[in-house]
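Quick note: to get this note's numbering, add 2 to the position in the sequence shown (first position is 1).
Even glycine gets a Cβ: it sits at the ideal position worked out from N, Cα and C.
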Amino acid sequence: MALASRKVEHGRRKGVTKPVSAPTLNLQMPDETSLKDMIVLSGKEWDRINQQLYRRELQQEKLKNMREEKDSRKALSKDMVKDWPNTLEGNRRRKLEARAIREAKKEEERRQLDLEEAKFQAQKRKEAIEKAKTQQYYQTDRVKNFHSALRLTEVLKERDAQVEFSHLKKAANQGMDRAYLEREQRDLEEAIAKDQMEAQKRILSAKKNRDFIKAQVMDHLKGKVKEHELDKQEGDELKKLAIQYEIEKKKLDQIRMEEKLQLGLDNKKQIADREKLLEIERQQEEEENEECRIFAAAKRKMAKLRMEKERQLHNDKQTTLEKIREKLAAQMKTRVDDEDDRIRRAVEEAEEKQAKDDAERERKARAMIREAETHRLAMMKDAEKKAAEERLAELERIAIAREADEIFKKNEVEKASRRKQEAVNVAGFRITQAEERLTKEQAARQKALAQDAKNVELLALEEQQFQEYATKVIDHCEKGGRNTFPLRKAAQIGIGGGQGPVYDGKGGIRPSYMAKDVGGTQLPTWKNGQTEQTKVDIYGEVPTNKRLGFIW
C-alpha cells in the first residue's frame, strides 16, 4: 500500500539506508506523483501505525467491550441466583412478597371497613333525612294545628285528673287543718326570731361600714386639700405660662402685622409698577396710532406749511428790503458819496444770504417729503401684504369650511344609513324577542299546569298520610280514655283550615268564605232548617246540599 512522499522513521535504527534494487522505470501516478517518491510498508508496520494513530479510540472501544461483558456476566449471575431461596436477594424478595400479601389483606380489610362505614353512614343519612322530613312535616300548619288539638286533649285529661285529685285531697285534709295551723305558727315564730338576729347582724355591719366610710371621707378630704394646693400651684404656673404666651403671641402678631404691611406695600408697589407698564404700553400704542394718523395727514399739512412758509419768506424778504431801504435812505442823508456802492453791496449780501437760506429750507423740505413718501409707500406695501395674507387665510378658511361641510354631509348620510339599519335590526330583535317571550310564556303556562297537577297529586298524598297519622293518634287517645273531639275537629278532611266546603278539583283544599259586609267576617259553618228553607226559596230544589261558595 502506498502513502504520500514522506519518510517514516518510527521504530527504525539509525544507520545507512540500504539501497533498493529496482528497475529504472519512469512510472507516474495519475496525479503526476512519481513512484520513486513512494514508500511500501509491510502489514505489521501498517497495523502498528494505525494502532499508534487510533490508540485512544481503540482503548475506549476496549473499555466499552469490557463493560458490556461485565454487565452481561452480572445479568447472567443475577438470572442464575434470582430464584435461590438462601440468598440475601431471595430473602428480601420473600419479605417483599409477604409484605405485599399483608398489604393486600389489610387493603381488603380496609375496603370492607370502608364499605361497612359507607353503609353505616348511608343508614345514618337516611335516618337523618327521615327525621328531617318528619320534623318538617311536623312544622306544617295542619300538623301543628292537629298537635295543638292533641295538647288540648291532654290538657282536658289533665284537668279532669286535677279535679279528681282536688276532691280526694279535700276529703283527706279535713282533720289536718289544726295541726297545719300550729305548724305554720311555729314556723312563723322561728322565722321572726331568725329575721331579728339577721337584722342585728345587719345593724352591726352597717355601723362598721359607717365608720369605714367616715375614715374614707376624711382621707378623701385630705386628698382634696392636697389636690387643691397642687391645682393652685399648677394654676400659678399656667398663669405665668399664659402671660408669657400672650407676650410671645403679641410679638408674633406684631411681626406678622409688619410682614403683612410690608407685603401690602410690595403688592401696591407691584400694582403701581404694573399700572406704569400698562400706561407706557398704552402710550406706545397711542403713539403708534398717532403716527399712523399723522402719516395720513402729513401730505396735506406739508403742502399747507410750504405755502405758508413761502408766504412768510416773501413777507420777510419784503420786510428786510424795506428795512434796507430805510437804512439806505438814512445813510443817504449822512453819506451821499458812497451811497450807491454800499447799497449795492448790502443788497447783494442780503440776496445771497436769502438765497442760501431758501436753498437750505427747500432741501430740508424735499428731504422731509421724500421720507414721508418712503414711509407712506412702506405702509402701503405692508397694508397690501397684510390684505393679501388675510385674503389667502380667508380662502383657506373657506376651503376648510367647504371640506368640513362635505365631511359633515357624508357623516350625516352615514348616520342616517346606520340609524336605518339599526332601526331594522331593532325591529327584527323586537320581533324575535316577542316570539321568544311568547314561547317562554307558553312554556311557563305548560309548566305551571304541570306543576298544578303535581301539586294536586302531592296534596292528595299529603292528605292521605295526614289522615292515616290522625287516625292512629285518635285511636290511641280513645284507648287512653281521652276526649277526642278536638282531634276529630282538627283532622277533618280538607287542607287550608278554612270553614268552607272542600274543593275536589284543587287537591281537596278547604278555603274560607268571607261575608260581603263592612266587617268582612267569615261565614259560619253551622246551618239549620231555616237555612235549608232559604236555599230552597232562592235556588229551588237542587240535587246537592253543599254550599256553592258565593260571596254575599
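*residue 511 by DSSP, collapsed to three states: which one?*
strand
*asked:* So for residue 10, helix, strand or coil by DSSP?
replied: Note that residue 10 has pLDDT 47, beneath the 50 cutoff, so the model's placement of it is unreliable and the number below is only indicative. Residue state, collapsed to three classes: coil.
*asked:* So, at 6 Å on beta carbons, what are the nonlocal neighbours of residue 492 in its own chain, with the 5 sequence-adjacent residues on each side left out?
replied: 147, 148, 151
*Would you list, in sequence order, the uninterrupted alpha helix (DSSP H) runs of no fewer than 4 residues that lie entirely inside the segment 105–146?*
none
*Which whole-angstrom value is the C-beta distance of residue 479 and residue 486, which I expect to be below 8 Å?*
5 Å
_Distance check for residue 91 and residue 81, CA to CA, integer angstroms please._
12 Å
_The alpha helix (DSSP H) that contains residue 488, what's its start and end?_
487–492
*Looking at residue 367 and residue 326, is the spacing between their C-beta atoms short of 8 Å?*
no
*asked:* Contact criterion: CB-CB distance below 8 Å. Does residue 242 meet it with respect to chain C?
replied: As a matter of chain content, chain C is missing from the structure shown, which is built from one protein chain.
_Please classify residue 58 as buried or exposed, where buried requires at least 16 neighbouring CB atoms within 10 angstroms._
exposed
*residue 136 burial status per 10 Å Cβ neighbour count (16 or more: buried)*: exposed
*residue 397 and residue 360: beta carbons closer than 8 Å?*
no
*In angstroms with no decimal places, state the Cα-to-Cα distance between residue 200 and residue 482.*
54 Å
*asked:* Tell me which residues share the same chain as residue 140 and place their Cβ nearer than 8 Å to its Cβ, disregarding the 5 neighbours each side in the sequence.
replied: 146, 149
*Nearest-angstrom Cα distance between residue 380 and residue 392?*
18 Å
*In angstroms, rounded to a whole number, what distance separates the CA positions of residue 433 and residue 416?*
25 Å
*Residue range of the alpha helix (DSSP H) that residue 58 falls in?*
57–83
*asked:* For residue 105 and residue 133, what's the separation of their Cα atoms in angstroms?
replied: 40 Å
_Given this structure, state the Cα-to-Cα distance separating residue 425 from residue 452, to the nearest angstrom._
40 Å
*Grouping DSSP H, G and I as helix and E and B as strand, with all else coil, what is residue 50?*
helix
*Around the C-beta of residue 376, are 16 or more other C-beta atoms found within 10 angstroms, so that it is buried, or is it exposed?*
exposed
*Should residue 245 go down as buried or exposed, given a rule of 16 or more other Cβ atoms within 10 Å for buried?*
exposed
_Nearest by alpha-carbon distance to residue 157: which of 409, 540, 74, 489 is it?_
489
_My output table needs one value for residue 363: the three-state DSSP class, helix, strand or coil._
helix
*Any idea if residue 15 is buried or exposed, counting beta-carbon neighbours within 10 angstroms, 16 or more meaning buried?*
Confidence in residue 15 is poor, its pLDDT being 49 and thus under 50, which makes the residue's placement too unreliable to answer from.
*Cut-off 6 Å between Cβ atoms - residues of its own chain near residue 383, not counting five sequence neighbours on either side*: none
*Residue burial classification, residue 101 (beta-carbon count within 10 angstroms, cutoff 16)*: exposed
*Three-state secondary structure (DSSP) at residue 561?*
The structure shown does not extend to residue 561, since the chain spans only 3 to 554, so no value can be given for it.
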